[in-house]
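One structure is given here, and the rest of the page talks about it.
Protein chains: 2
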Amino acid sequence: MDDFIATCRREGLSVTYQRIVIYKALSSTKTHPSAEMVYRMVKKEYPSISLATVYKNLETLADHGIIAKVTPLHDLARFDADTNLHHHLVCVHCKKIIDIHDTNLNEIEIEHEKAPGFQVLGYQIQFVGVCNECAVKQQISEAV
Amino acid sequence: MDDFIATCRREGLSVTYQRIVIYKALSSTKTHPSAEMVYRMVKKEYPSISLATVYKNLETLADHGIIAKVTPLHDLARFDADTNLHHHLVCVHCKKIIDIHDTNLNEIEIEHEKAPGFQVLGYQIQFVGVCNECAVKQQISEAV
DNA sequence: TTGGATGCAAATACTTTGCACACGG
DNA sequence: CCGTGTGCAAAGTATTTGCATCCAA
């Protein structure tokens with residue numbers, strides 16, 4: 084937890100009791116909870132906390148790379164007519180999704196003991212990064 | 084488009100004008116649109132279509148594997164305190180997310196020419212499948 | 001003391017649902 | 001004709017925002 088406090092300081096984030104309790108709740112579980120689930124966990128230790136605070140903190144901590152969003156594209160369901168095995172590039176800025184057809188990526192195997200009891204049906208790789216257009220925009224805004 | 088009609092027949096889905104226009108819109112683009120975006124595209128050809136019909140059709144077509152959801156976990160933002168490179172198993176039934184730490188999966192490279200102009204910052208593999216608990220439940224319900 | 005953080009309530013965004021009617025098979 | 005699909009409106013769920021107050025630095 085001292086690590087967390089130091090990281091907040093380094094990132095210029097205030098160290099509030101709420102923030103600590105939220106982080107403690109998230110780091111105590113491997114269940115990859117939603118904001119609502121974190122809220123329920125946190126309420127046990129701090130019943131007066133507000134759901135909005137949980138949302139704001141999870142977003143802030145993710146922005147600073149202190150926690151991770153498992154579902155970076157969760158805000159909108161997005162569809163694809165191409166049902167063949169392929170992968171995606173996702174631009175972190177504009178959320179654009181670009182198809183990657185690369186047969187080298189189609190033979191990934193997971194060691195069975197890493198996923199005991201889990202029946203793997205398929206997989207999908209999400210590369211995250213910055214697309215051409217957004218990189219250009221960034222350069223322009225930095226040049227100002 | 085004949086393929087699509089044949090597939091619908093095979094899957095026991097009625098072939099309606101709306102369904103065809105929705106599929107045509109989705110398959111005409113590589114932008115991985117949301118339901119709202121598909122709705123806007125479809126409205127040009129069929130202005131009286133309802134947004135609910137678009138939602139219902141996208142869901143139905145995805146259920147039958149005729150189209151794909153790029154974002155199977157879109158319904159809820161989910162967080163992880165572990166920011167180290169690792170991957171996830173997702174159960175298609177209960178949406179449980181299980182961590183996979185397997186260093187073999189941490190050295191995937193994308194051929195540069197496959198993603199021209201895209202600056203790759205990282206990646207994440209989502210394995211989809213059925214978890215132990217859901218597999219057991221399925222066996223029980225099939226045994227009835 | 002001051003800017004960031006909190007908490008409440010209201011607003012918004014996305015998606016689903018119920019139901020009467022229409023239409024495909 | 002029967003059952004699935006459509007369209008509308010209403011409801012539901014997830015998330016964000018505005019703003020007054022509070023608190024960490």
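Residue numbers (the numbering used here), protein chains in the order written: chain C, 84 to 227; chain A, 84 to 227.
Ideal placement from N, C-alpha and C gives every residue a C-beta, glycine not left out.
Just so it is clear, the structure is predicted and the values come from calculations on it, not from any experiment.
Alpha carbon to alpha carbon, how far is residue i from residue j?
i, j, result
"residue 153/C", "residue 150/A", "23 Å"
"residue 177/A", "residue 195/A", "37 Å"
"residue 112/C", "residue 102/C", "16 Å"
"residue 95/C", "residue 142/C", "15 Å"
"residue 85/A", "residue 121/A", "21 Å"
"residue 104/A", "residue 162/C", "15 Å"
"residue 224/C", "residue 138/A", "38 Å"
"residue 226/A", "residue 93/A", "27 Å"
"residue 202/A", "residue 187/C", "19 Å"
"residue 193/C", "residue 131/C", "44 Å"
"residue 136/C", "residue 118/A", "30 Å"
"residue 166/A", "residue 127/A", "44 Å"
"residue 222/C", "residue 222/A", "56 Å"
"residue 217/A", "residue 108/C", "26 Å"
Can you find the residues in the same chain that come closer than 6 Å, C-beta to C-beta, to residue i, ignoring five residues on each side of it along the sequence?
i, result
"residue 106/C", "87"
"residue 173/A", "180, 209, 211"
"residue 134/A", "122"
"residue 144/C", "150"
"residue 140/C", "102, 105"
Check the C-beta distance from residue i over to residue j and give it rounded, since I have them as a contact under 8 Å.
i, j, result
"residue 219/A", "residue 204/C", "About 17 Å separates the two Cβ atoms, so there is no contact after all."
"residue 110/C", "residue 160/A", "That pair is no contact at about 17 Å."
"residue 185/A", "residue 197/C", "5 Å"
"residue 182/A", "residue 171/A", "6 Å"
"residue 168/C", "residue 189/C", "5 Å"
"residue 215/A", "residue 148/C", "Between residue 148/C and residue 215/A the Cβ distance is about 32 Å, and since that is not below 8 Å, they are no contact."
Starting from residue i, follow its DSSP beta bridges and name the residues at the other end.
i, result
"residue 96/A", "Answer is none; residue 96/A lacks a bridge partner."
"residue 179/C", "Answer is none; residue 179/C lacks a bridge partner."
"residue 212/C", "174/C, 203/A"
"residue 162/A", "152/C"
"residue 117/A", "161/C"
Give every residue of the same chain whose Cβ lies closer than 7 Å to the Cβ of residue i, excluding the five residues on either side of it in the sequence, and list them in chain order.
i, result
"residue 115/C", "153"
"residue 206/C", "191"
"residue 90/C", "149"
Would you say residue i and residue j are within 8 Å of each other, going by their C-beta atoms?
i, j, result
"residue 213/C", "residue 175/C", "yes"
Please work out which residues of its chain come closer than 8 Å, Cβ to Cβ, to residue i, disregarding the five sequence neighbours upstream and downstream, and give them in chain order.
i, result
"residue 97/A", "91"
"residue 129/A", "100, 101, 104"
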